[in-house]
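Chains A and B supply the protein sequences, listed in that same order.
Position in the first sequence (from 1) plus 235 gives the number in our numbering.
Position in the second sequence (from 1) plus 235 gives the number in our numbering.
There are 2 protein chains.
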Amino acid sequence: MPADSYERLVAKLKRAHYLGTVAGLLGWDEQVNLPPDSADQRAEQLALLAELQHAAAADPEIGRLLIELENPVCHLLSDKLSGPADREVVVREARRDYDRVVKLPAEFVSEKARLSSAAYHAWADAKAKSDFTAFAPFLEKHLSLARQEAAYLGWGDRAYDYAIDKHDPGMTAAKLTELFTELKAGLVPLVRAIASSPVRAKEGIFKGFPVEAQREFLREVTGRLGFNYRRGRIDVSLHPFCEGAGADIRMTTRFDADNPLDSLFSSIHEAGHGLYEQGLPLAAQGTPLGQNAGMGVHESQSRLWENQVSRNRAFWRFFEPRFREKFPSQLAGVASDDLYLAVNEVAPTLIRVDSDEVHYNLHILLRFELERRLFAGELAVRDLPAAWNALSEELLGLVPPADKQGVLQDVHWSGGAFGYFPSYCLGNMIAAQLWFTVLKVQPDLETDFEKGDFSRLLGWLRTNIHEQGRRYETLELVRRVTGEELTPKYLLRYLQERYAPLYLK
Amino acid sequence: MPADSYERLVAKLKRAHYLGTVAGLLGWDEQVNLPPDSADQRAEQLALLAELQHAAAADPEIGRLLIELENPVCHLLSDKLSGPADREVVVREARRDYDRVVKLPAEFVSEKARLSSAAYHAWADAKAKSDFTAFAPFLEKHLSLARQEAAYLGWGDRAYDYAIDKHDPGMTAAKLTELFTELKAGLVPLVRAIASSPVRAKEGIFKGFPVEAQREFLREVTGRLGFNYRRGRIDVSLHPFCEGAGADIRMTTRFDADNPLDSLFSSIHEAGHGLYEQGLPLAAQGTPLGQNAGMGVHESQSRLWENQVSRNRAFWRFFEPRFREKFPSQLAGVASDDLYLAVNEVAPTLIRVDSDEVHYNLHILLRFELERRLFAGELAVRDLPAAWNALSEELLGLVPPADKQGVLQDVHWSGGAFGYFPSYCLGNMIAAQLWFTVLKVQPDLETDFEKGDFSRLLGWLRTNIHEQGRRYETLELVRRVTGEELTPKYLLRYLQERYAPLYLK
């Protein structure tokens, strides 16, 4: 039994953490391996683990230790000159987590869980029938619970700020409005210009790519990017995801013989998440110092590898010959420029998850604006479809023919996950800002890519982002690493530099 | 919260059970999926689960509920006419489990765990060097702990009986001695006769069987035997095993392109274990009524499907054409009789796990005799290699050239798993006795096999064995199902009828 209070706290935090990793593995197994009729049993196992994990995270001993460690006398011990010292970070973030666990009454937690389960089925049903009115009461109830949750946590009526802060510590609706307004002003003209360009990626040029060869190729690519397959693996599931922590990261992908780029880029995206998790300090596993800094930062890592790195001409100078070697007959008739244009195809679509990286941000701006209005009381749930369609026309130039391609397309709201969507766009902005920062210190970085070497970039991300864990809130981390406040101008510059030469020549 | 004491007990038992299934899944994943450098993290997860599982199984509330439910007044409620009623079984077996958990001091449990870990490494090392003296002190210590454990549990100096009872409830060393003496008397002449037969299975007739086609064939076979792949799966690991409970059974196998029968028969063996687990009453999952009756009964199920069923001529009348269809060129030069003789090859070997089903029992008789003498104080650990070699010569006609092919070949003793080996032979005896019992009520059973239909046999096993859970101790179960005391005469008769026509014609 560790005698020191801090060590006792860390031991307690690790118990909750490892229970979380066990639940995570069971969740992964459910998507990857579970026999079809074993779902009920898995639900029993996960319910029990959730109960034990909650008990471990809400352990009153954690509360007592936190009060002891929060005593100002302890703070004198820490070195404040070079940012928050390790112990102070752990105590601060453990307090954040602990309060979120213990300030919510057990009945509230189970009410929200029950609602989410019912709302998920109602949403799936409503989407199939394109019938928003069947889902509306569940969304109303989720909004009301989200307000209640914020109140329990001491956020008063700033419920949307609380929802955002849960995903990206320190972020607010006001700050997002400011960032997204500037982004929109630059993005809409770019999208319009590309839309009126005669340049179009050729359709149907990829046919009959054997799955086994696709698997080998994406393993080579993600391995060269730096994913450590001795501490992780990639398998197949219906939707790609990345799960796990510490020394065991499980990624998934899916295969389509006629769409090898989908599998490749979704794997690179998940590998970006995986690289972040693999780069978190293993020695601090189970404490906030060994945990990621939030959704936006996480997404910045997946997007940076997926977009800035892997849609880059230098990346393809190295990998195109290897790609052709794996699929000689399939790629025989595909010109080099057509391949690169396919990698960087831009075309508006109604569906967020099918969107290219230019339009993607507009899908997020739309959702943020609607969430903001809902929480501000400016928009009633029943008016949501009309508001969605109007914004869709304004931002994307497309009106959904039915709600299943519009307001009902995403699963997130059925789980009450408000404040989640903005993280995706935040991730894109952070990725671009990091990209131009690293190019300042490593101006010849892309010549590495041409040799298939991504280690300098990964090393820089390791030091500046990964190894920081939860040391800083999102905006503070960006400020420290890039020397500037977070701004959308780098994302706009990146998109301009990537897509203007292709579409606006 | 269930108000009834019995329901509260069941809820408590289920918690420990589901934690066990989670640990089981992590163990399966470790053998099948775990990235090479993730082992430390898995060890942390398993240690935490073991602690939580122990706490759940040793929950003092279980003790209080058991005392309440063991009160004779409660027993009046149960129907004693047709065997023990459900509640009575659950309370009786929960008491057996609970005592085993709480009567052992925590320090004893961790001392045994530490010793097992050190002894495992010492054994692996000693085996590599064929140096028994390096392993001997660990075996001494394990013997001493086994005596101590029996004393804690109230077995006095009947330490070997306790070790046997842990694996096969109700079984004793005296009973095993009686059974094995009779078995040996019949088996040795049969083995001698086969050894002097000029008939020999041809060697090296299987070459280049592609793994994917092997996988398809064994899935067809195990599926037709009745394994429900909607509630289980088969994967690849270094050593085949079967893990899981209830609705999620994970089997593994291994592949060798030049030895398709090894993979096929080990898969059928594991499927036999899997069929038993899938046949336990799912509604009683987590209670003793939903658990298997012990090691010997479990092994009887794997052996029955592996030997009585799948080495049967009727089985091969159905599957041989299918086997040839999958591997037309590989089997083109293999005559039908040679294939069937290869399936039923008998040849002595020093290594238990490589043994055919005739010699296998002699390997067990040897180990039982040595364990019995060790516990009786008739044999010192230092004299074990010489005693092993003498018995090996007597029973198998072979003397190990070095201890790694003799006394050091098995992992079991390094974990202190005394009393485990006899279950294998017990399983063979039970399997044969069940086989002749079912043939009495279904005399034309083998004509089903010729049509690839195994459902009548499975149905009989479901009703008579699987659905009984832990209702009866091993010998009582055999008595009730077969109408006779357990006897080795059916195993001897089965081996005679199977192998005399092949080798002694």
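For every residue, glycine included, the Cβ atom is placed at its ideal position computed from N, Cα and C.
Element boundaries [beta strand (DSSP E), containing residue i]
i, result
"G479/A", "477 to 480"
"V471/B", "467 to 471"
"I484/A", "483 to 488"
Chain-ordered neighbours of residue i on chain A, where CB pairs are closer than 9 Å
i, result
"A482/B", "P270, D272, S273, A274, D275, Q276, R277"
"Y738/B", "Within chain A, no residue comes near Y738/B; the closest Cβ sits about 42 Å away, beyond 9 Å."
Beta-carbon neighbours of residue i, restricted to chain A and to distances below 7 Å
i, result
"R468/B", "N268, P270"
"R465/B", "P270, P271, D272"
Distance cut-off 6 Å: residue i Cβ against heavy atoms of the ligand HEM
i, result
"M406/A", "The ligand HEM is absent from the structure shown, which contains no ligand whatsoever."
7 Å Cβ cutoff, residue i in contact with chain E
i, result
"A394/A", "No chain E is part of this structure, whose protein chains are labelled A and B."
C-beta atoms of residue i and residue j nearer than 7 Å
i, j, result
"Y253/A", "Q280/B", "yes"
"A528/B", "F462/B", "no"
"L300/A", "R243/A", "yes"
"A363/A", "A577/A", "no"
"A482/A", "T256/A", "no"
"L710/B", "L721/B", "yes"
"G568/B", "I399/B", "no"
"G298/B", "E478/B", "no"
"I586/B", "F656/B", "no"
"G405/A", "E708/A", "yes"
"P270/B", "R450/A", "no"
"A361/A", "A369/A", "yes"
"D638/B", "F367/B", "yes"
"L515/A", "G531/A", "no"
"G694/A", "R538/A", "no"
"A394/A", "A409/A", "no"
"W623/A", "G641/A", "yes"
"F444/B", "P495/B", "yes"
Partner residues on chain A for residue i, Cβ-Cβ distance less than 8 Å
i, result
"L261/B", "V257, L260"
"L284/B", "V257"
Interface residues of chain B facing residue i [CB-CB closer than 7 Å]
i, result
"L287/A", "L287"
The alpha helix (DSSP H) enclosing residue i, as first and last residue numbers
i, result
"M530/B", "530 to 538"
"M664/A", "656 to 676"
"F367/B", "367 to 387"
"F415/A", "408 to 430"
"K401/A", "394 to 402"
"F500/B", "495 to 514"
"N185/A", "Only positions 236 to 740 of chain A appear in the structure, and residue 185/A is not among them; the question remains open."
"Y333/A", "321 to 337"
"F347/B", "The question names Phe, but residue 347/B in the sequence shown is Lys. Looking at the DSSP string, the run of the alpha helix (DSSP H) that includes K347/B is 341 to 364."
"Y595/B", "592 to 611"
"W263/B", "240 to 267"
"Y725/A", "724 to 738"
"R575/B", "Just to set this straight, residue 575/B is Tyr in the shown sequence, not Arg. Its alpha helix (DSSP H) spans residues 571 to 578."
"R551/A", "Residue 551/A is actually Trp in this sequence, not Arg. That run of the alpha helix (DSSP H) goes 548 to 561."
"F452/A", "446 to 460"
Please identify, using Cβ separations under 8 Å, the residues of the segment 265 to 282 of chain B that lie next to chain A, in order along the chain. N268, L269, P270, P271, D272, S273, D275, Q276, R277, E279, Q280: these are the residues of the segment 265 to 282 of chain B whose beta carbon lies less than 8 Å from some beta carbon of chain A, given in chain order.
Within the chosen definition, does the segment 499 to 515 of chain A reach the segment 448 to 462 of chain A through at least 3 CB pairs nearer than 8 Å? Taking 8 Å as the limit for Cβ pairs, the verdict is that the segment 448 to 462 of chain A does touch the segment 499 to 515 of chain A.
Identify each residue in the segment 243 to 256 of chain A for which the Cβ-Cβ distance to at least one residue of chain B is less than 9 Å, and report them in chain order. Within the segment 243 to 256 of chain A, contact with chain B at the beta-carbon level (separation under 9 Å) is assigned to K249, R250, Y253, L254, T256.
Meets three-Cβ-pair contact criterion under 8 Å: the segment 557 to 564 of chain A and the segment 617 to 636 of chain A: no
Within 8 Å, do at least three Cβ pairs link the segment 539 to 552 of chain B to the segment 683 to 696 of chain B? yes
Counting Cβ pairs, one atom from each stretch, are 3 or more of them under 8 Å apart for the segment 419 to 427 of chain B and the segment 728 to 737 of chain B? yes
Stretch-stretch touch, CB-based, cutoff 8 Å, three pairs: the segment 642 to 650 of chain B with the segment 518 to 536 of chain B: No: the two stretches stay apart, fewer than three of their Cβ pairs being nearer than 8 Å.
Is the segment 666 to 682 of chain B close to the segment 480 to 499 of chain B, with three or more CB pairs under 8 Å? no
How about the segment 332 to 340 of chain A and the segment 381 to 391 of chain A: do they share at least three Cβ pairs that are nearer than 8 Å? The segment 332 to 340 of chain A vs the segment 381 to 391 of chain A: in contact.
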